[in-house]
Structure formats: C-alpha cells, structure tokens
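Chains A and B, in that order, are what the protein sequence lines are.
Each residue of the first sequence is one higher than the one before, starting from 425 at the first, in my numbering.
Each residue of the second sequence is one higher than the one before, starting from 64 at the first, in my numbering.
Heads up, the beta-carbon is just placed ideally off N, CA and C, and yes, glycines get one too.
Owing to the predicted nature of the structure, the values given are computational and were not obtained by experimental measurement.
Right, one structure below, let's go through it.
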Amino acid sequence: MAKKQYGMVIDLHACVGCSACDIACKRENNVPHSFAWSNHIIETRGTFPDVSYRYIPTLCNHCTDAPCVLNCPTTAMYKSEDGLTLHDPDKCIGCATCAVSCPYGAIFVNHEEPFEEIRHDESPAIAGCTSTGAEVAKRGGVPLPVYNPARAATLPGVRPRGVPEKCTFCDHRLAVGELPACVEACPAGARIFGDLNDPDSAPSRAIAKYHPKVRNPEKGTRPNVLYIRDY
Amino acid sequence: MNADVVYITQHGPLWDWRVAADLFLGGAGVGALLFAVFLDERFDGKYRRICHSAAILSPVLIAAGLFLLVLKLGQPMNMFKTWLNFNPTAPLWWGSIFQPLLVLGAIVYALRWHAGKEVDSFRRWLGRLLTPLALIVGAYHGLLLTVLVSRPLWNTGPTVVAALLGFASTGIAVVMLVHLIRMKIAGRLADDGHVSEFLRNMRIVRNILFAVILLQLGTFFFWWLSLRFGSLEQREALAAANEAYGPMFWWLGIGLGLILPLIVGWLVVLRGESVHPRLEVSVIWVTSAMILIGGFFFRLAVVLGGQVPLPIHTPV
Chain A
425 MAKKQYGMVI
435 DLHACVGCSA
445 CDIACKRENN
455 VPHSFAWSNH
465 IIETRGTFPD
475 VSYRYIPTLC
485 NHCTDAPCVL
495 NCPTTAMYKS
505 EDGLTLHDPD
515 KCIGCATCAV
525 SCPYGAIFVN
535 HEEPFEEIRH
545 DESPAIAGCT
555 STGAEVAKRG
565 GVPLPVYNPA
575 RAATLPGVRP
585 RGVPEKCTFC
595 DHRLAVGELP
605 ACVEACPAGA
615 RIFGDLNDPD
625 SAPSRAIAKY
635 HPKVRNPEKG
645 TRPNVLYIRD
655 Y
Chain B
64 MNADVVYITQ
74 HGPLWDWRVA
84 ADLFLGGAGV
94 GALLFAVFLD
104 ERFDGKYRRI
114 CHSAAILSPV
124 LIAAGLFLLV
134 LKLGQPMNMF
144 KTWLNFNPTA
154 PLWWGSIFQP
164 LLVLGAIVYA
174 LRWHAGKEVD
184 SFRRWLGRLL
194 TPLALIVGAY
204 HGLLLTVLVS
214 RPLWNTGPTV
224 VAALLGFAST
234 GIAVVMLVHL
244 IRMKIAGRLA
254 DDGHVSEFLR
264 NMRIVRNILF
274 AVILLQLGTF
284 FFWWLSLRFG
294 SLEQREALAA
304 ANEAYGPMFW
314 WLGIGLGLIL
324 PLIVGWLVVL
334 RGESVHPRLE
344 VSVIWVTSAM
354 ILIGGFFFRL
364 AVVLGGQVPL
374 PIHTPV
C-alpha cells in the first residue's frame, strides 16, 4: 500500500466565507496576530451591477515537491512520513529561504519576539474591572493570556524570534486521531481532510467526483490542498 | 475585467540590505581573487603589487559579506547546524560549504603573496585550485536567487550570468580603488615615474573592465527581454520591481555603475596621450567608485525588487 499522503480538498461551493477556519487555527496554534496560517483570498471582480465576489480559503499546500524543503539549507523544513511539510525550529538558522521560496506566501517569519504587545500589555480593557493580558497569562502560568498548551506537543507553543512558522495540518491533533482545527471548525463541511493515497478516503472521493484545481500549478510544486467546485 | 484582491502576507521584504551586501562583498571578493590569479598567470609577476592588493582584499571582502549574512540570520548560533545536516538540493547549503572553504584558501593565497616571493609555484598552484572554487561560489550567488520559483524576477537563466559578470567588474574596481589608496599612502602617486608606469600597466586592466561591462550590459538586456516578453507573471514582476526600485536599478545600478564608467573610460581612450596622467589617475578613482556604488545598488534593487508583492491569481 502506498505511503500516507495527508491532503485537503476545499469545496468552494460549500464554503460560506465565515472565517471560522482562520479563527480556529489562530486559537489552536497560538498564531501571532499579523500572521495567518489559515488564510483567505477575497476577490472582488467587475463593475456594478456586473460584479462577483469570491472567498478562497488558503493555507500551506503541503506540496509534494515543496520548494521550502528543497531550498532549506539545514533540512529544518522537511517532509514527514505522512506527507506533511513540517518545520523543526531546533535545526533552523532563520535564513528565511523557506519563506522566500514559497510561491503562496504561506510561511511567516518572526522578525520580532511574537506576542510582545500582549505579553507586555499593562492596560486592562476596562480599568478597575478587567485584568490585563499580562496578568491573565501570569496567573495561568502560560506565555499568553489565550494559549493552547496542546500545540506544544510537536512544536514550540509559541515559536521563538527568528524562525519561520506555518500550517502543520495540526500535526499534534493528527497524532492523537483528531482532525485539523480548521476542518473541525468549518460549519459548512467545506474542508475535506484525509489520506489522498487512499482511494476510499473522503478527499479522494471528492477529487474523483469533481475536477480539482490547485494554486499556481505552473510552479510544479504539486500542492496537496485542492479546490473543487466554484460559483 | 478589473479585480480587487485582499490577501494577508508578511509585511516587508524577508531579505534586506544585508543579503544584497553579502552578494556585493562576496562577489567583489571572488572577482578580486580571480583577477589576482589571472594577472599572476598571464603576466608572470608583472602586476605583483596589484595582485598583492587583490589577494589580501579577497578573503576580507568574502568574510565581511558572510558576517553580514550571519547577522541577518534569525538564529545565528545555529549556523553550525548547516554543516551537520545534508541537503544537496539547497544552494545555500552548498554555499555554506564552499564559501568558508574559499575564504580559507584565499587567506593562504594572500599570505603567500604577502610573503613577497616574485615567483612562487605553490601560490600559482593554489591560485589554479581556487579558480574553480571561486567560480562555483560566484555562480552560487546567482543560483541562490535563480532556483526560487516563487520569485519570477530572479527565476531566469541570465541571473546566474549577471551574478558572475557582476563579480568581475566590482572585483576589479575594488582592487583598483584600494591599490590607489595604497599608492597614495606610500607616496607613489606623487612620483611621475611611478604614475606613468602604473598607467601603462592599467591599459590591460581597463580593456578587461570594458569587456566585462559590455558583457554585463548585454546580459542585463537579455534579462530584461526575458522578463518583458516573458509570461504574465514575469511581466508583472518586472513592472512591480520597476515601480518600487526602478530608479535605483536603472540610474544607480546601470547608469552610474556601468554606462557612466564605460563612457568616461572610453573618452580617456579616445583622447589618448593628450590626457594628463593626473587626470587619468583621477578617472580611475572616480570610475572605480562609480562601479562599486552602482554594483551595490544594483544588487540591492534586485534583492528588494524580487520580493515586491505580486498580484494574486486565484486558483480556480
């Protein structure tokens, strides 16, 4: 049997553009506010009254021929046994070649210490009534007031300054038999996740039924995030 | 039909002036080394003093470039891990192997020149050994950008050629500038005999520089052609880079760094013996400085221009 290749099919017909995936990802992975592991393209086209609006969810494509992996000088960016594109901060020198290599802008680099503004937030939302972000984090014994410790199972809970970060398909959740947070959170069932090498898996069936497309096929990266149907 | 696209990407360039400085200094160092080896091989000790300047400059410049690059790294203390992990598909990995090797070799080469022997068979042998290594490091600086399929401005063949040729011009220019400074300090520029001999020796250097600049201009023209009449993405990349860094590229990189030195140098050649030797020395000062300033800004414009966000094309 072929090796496992995790992938995701995004049904654009089902997607309602609610951004629940983006919020779930932020919460699950402790993603800094200016980064977007789970991202989206909003495209407004035409002139009134002949206009169209499209919302296209995006994330790391976990490419089979990932340029970030090919160009990483230390193999910090690597392909896992089950086809995920992952990053090992311990090996990383912070050269940002992975981020420069990615044709999709899916890799973000922490030029500064992440969450600085929250860690040092000394002003409560309502003076005399609510605690500050820094106080909440301190009481909780966690780095951030809103922090998911489960993320730290396979990657630093908050990534250090100088290293890149990106979607991992929630590898820490996959390791315990759960689906990625964005898939769980999608109210429309627009994200279909599974093993693309298994012909009976839900994404494989979706691919067989529709004509899937990928982002920038001309780049030759063979993305494992595919899109089906559209308006 | 017009389209407005909103997409969150990282703000600002990921590679900044330090990467451009590494390309510039590393390139000039490689150029200086090749220049020294060429003069030693071809003219058998005739250009001993210039070779000495070039050989000493070479490791200093390459190491300075590497130092700036290390400063740019997010985790510089992890630098040694590059040598513990094998990734032959990454040009940066090859660079991390070859560039320090070249610095070490260039230091030994410089020390042999500094020893002051007129004819040194070991030095010549080492020069021959370092030549392919220097060419590999030179090509690596171009390959580093060329392999990035995500950056259409860099992802073209002429990028590698441009990098190699750029090394030759800036390498020669930095050697000339430093050599003139050494002459000035030693008081040799006040001696008419020394100046005349220096200018006579400079003719071959000037001709090499003219040839390199013309080749560079030709390469840039093909680079521009491949982008201007290339795919939609390449045209968009050229337009975006032009809009953001066009003046830096065209006026400083091409105009000041290549065309102006070529014109000024050519005018001196046309006027021949009627040019006063002092004026000719001044021209070497000025044109060398112009090539170096232009060379840096050319690289800066290319490094930053290649990272200008491009229009997003939706997948379906």
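**Request:** Let me know the alpha helix (DSSP H) ranges lying completely inside the region 189 to 266 of chain B, each 4 residues or longer, listed in chain order.
**Result:** List check, alpha helix (DSSP H) in window: 221 to 249.
**Prompt:** Can you list, in chain order, the residues of its chain whose CB lies under 7 angstroms from that of B:Asn218, leaving out five sequence neighbours each side?
**Reply:** Thr209, Leu211 and Val212
**Message:** Is there a C-beta anywhere in chain B that falls below 7 angstroms from the one on A:Leu510?
**Reply:** no
**Prompt:** Do three or more CB pairs link the region 130 to 147 of chain B to the region 514 to 523 of chain A at distances below 8 angstroms?
**Reply:** yes
**Request:** Specify, as a first and last residue, the run of the alpha helix (DSSP H) that A:Ala609 falls within.
**Result:** In the DSSP assignment, A:Ala609 falls within the alpha helix (DSSP H) that extends over Ala605 to Ala609.
**Message:** Judging by CA-CA distance, which residue of A:Phe472, A:Tyr571, A:Cys553 and A:Ile550 is the nearest neighbour of A:Arg543?
**Reply:** A:Tyr571
**Prompt:** chain B beta carbons: is any one of them nearer than 7 angstroms to that of A:Lys643?
**Reply:** Answer yes: the Cβ-Cβ gap between A:Lys643 and chain B drops below 7 angstroms somewhere.
**Item:** chain B residues whose Cβ lies nearer than 7 angstroms to that of A:Thr499
**Value:** The contacting residues are Asn148 and Asn150.
**Request:** Please report how far the alpha carbon of B:Ile276 lies from the alpha carbon of B:Val100, in whole angstroms.
**Result:** So the two alpha carbons sit approximately 20 angstroms from each other.
**Prompt:** What does B:Thr377 reach in chain A if we use C-beta pairs closer than 7 angstroms?
**Reply:** Ile465, Glu467, Arg478 and Ile480
**Request:** Measure how close the beta-carbons of A:Ala605 and A:Val440 come, nearest whole angstrom, since I'm counting them as under 8 angstroms.
**Result:** Contact flag wrong, Cβ pair sits at about 18 angstroms.
**C-alpha distance - B:Ala173 paired with B:Cys114, whole-angstrom precision** = Their Cα atoms are separated by approximately 9 angstroms.
**Message:** For the alpha helix (DSSP H) containing A:Ser476, name the first residue and the last one.
**Reply:** Taken as a continuous stretch (DSSP letters only), A:Ser476 belongs to no alpha helix (DSSP H), being part of the beta strand (DSSP E) at Asp474 to Thr482.
**Between the CA atoms of B:Ala66 and B:Leu355 - distance to the nearest angstrom** = 42 angstroms
**Item:** Spatially closest choice to B:Ile326 from B:Thr350, B:Gln370 and B:Tyr308, by CA coordinates
**Value:** B:Thr350
**Prompt:** Can you name the start and end residues of the beta strand (DSSP E) that A:Ile652 belongs to?
**Reply:** Val649 to Ile652
**Request:** Compare the Cα-Cα distances from A:Tyr479 to each of A:Asn485, A:Ser555, A:Arg469 and A:Thr488 and report the closest residue.
**Result:** A:Arg469
**Prompt:** Taking Cβ to Cβ, would you say B:Asn305 is nearer than 7 angstroms to A:Thr499?
**Reply:** no
**Request:** Specify, as a first and last residue, the run of the beta strand (DSSP E) that A:Phe503 falls within.
**Result:** What sits at residue 503 of chain A in the sequence shown is Lys, not Phe. Met501 to Lys503 is the span of the beta strand (DSSP E), which, as asked, contains A:Lys503.
**Message:** Using a Cβ-Cβ cutoff of less than 7 angstroms, which residues in the same chain neighbour B:Ile170 once the five nearest sequence positions on both sides are dropped?
**Reply:** Contacts found: Pro122.
**Request:** For A:Cys553, count neighbouring C-beta atoms within 10 Å of its own C-beta (all shown protein chains included) and say buried if the count is 16 or more, exposed if not.
**Result:** With fewer than 16 Cβ atoms within 10 Å of its Cβ, A:Cys553 is classed as exposed.
**Prompt:** Excluding the five sequence neighbours on either side, which residues of its own chain have a C-beta within less than 7 angstroms of the C-beta of B:Val331, listed in chain order?
**Reply:** Hits under 7 angstroms: Val338, Glu343 and Val346.
**Request:** Identify whether A:Asp512 lies in helix, strand or coil by the three-state DSSP scheme.
**Result:** DSSP places A:Asp512 in coil when its eight states are reduced to three.
**Prompt:** Using a beta-carbon distance below 7 angstroms, is B:Ile199 in contact with chain A?
**Reply:** no
**Prompt:** Quick one: is A:Pro573 buried, meaning 16 or more other Cβ sit within 10 Å of its Cβ, or exposed?
**Reply:** exposed
**Request:** Look at the Cβ atom of B:Val238, then the Cβ atom of B:Ala95, and state whether they are nearer than 7 angstroms.
**Result:** yes
**Request:** Out of B:Leu136, B:Thr145 and B:Gly137, point me to the one whose CA is closest to A:Pro497's CA.
**Result:** B:Thr145
**Prompt:** Just curious, the beta strand (DSSP E) that A:His464 is in, first and last residue?
**Reply:** Asn463 to Thr471
**C-beta neighbour in chain B for A:Ala609, strict 7 angstroms** = Closer than 7 angstroms to the CB of A:Ala609 there is not a single CB belonging to chain B.
**Item:** DSSP-derived helix/strand/coil call for A:Val433
**Value:** strand
**Prompt:** Count the other CB atoms within 10 Å of the CB of A:Asp489; is the residue buried (16 or more) or exposed (fewer)?
**Reply:** exposed
**Request:** Would you please state the rounded distance, in angstroms, between the beta carbons of A:Pro567 and A:Gly586? I believe it to be under 8 angstroms.
**Result:** No, A:Pro567 and A:Gly586 are not in contact; Cβ-Cβ is about 17 angstroms, not under 8 angstroms.
**Prompt:** Going by C-alpha distance, which of B:Leu88, B:Ala178 and B:Ile267 is nearest B:Leu124?
**Reply:** B:Leu124 has its Cα closest to that of B:Leu88, out of B:Leu88, B:Ala178 and B:Ile267.
**Asked** For B:Arg186, does the three-state DSSP call read helix, strand or coil?
**Response** Note: B:Arg186 maps to helix in three-state DSSP.
**Request:** Determine, using beta carbons only, whether A:Ala530 and A:Cys484 come nearer to each other than 7 angstroms.
**Result:** yes
**Reduced DSSP secondary structure (H/G/I, E/B, other) of A:Ile550** = coil
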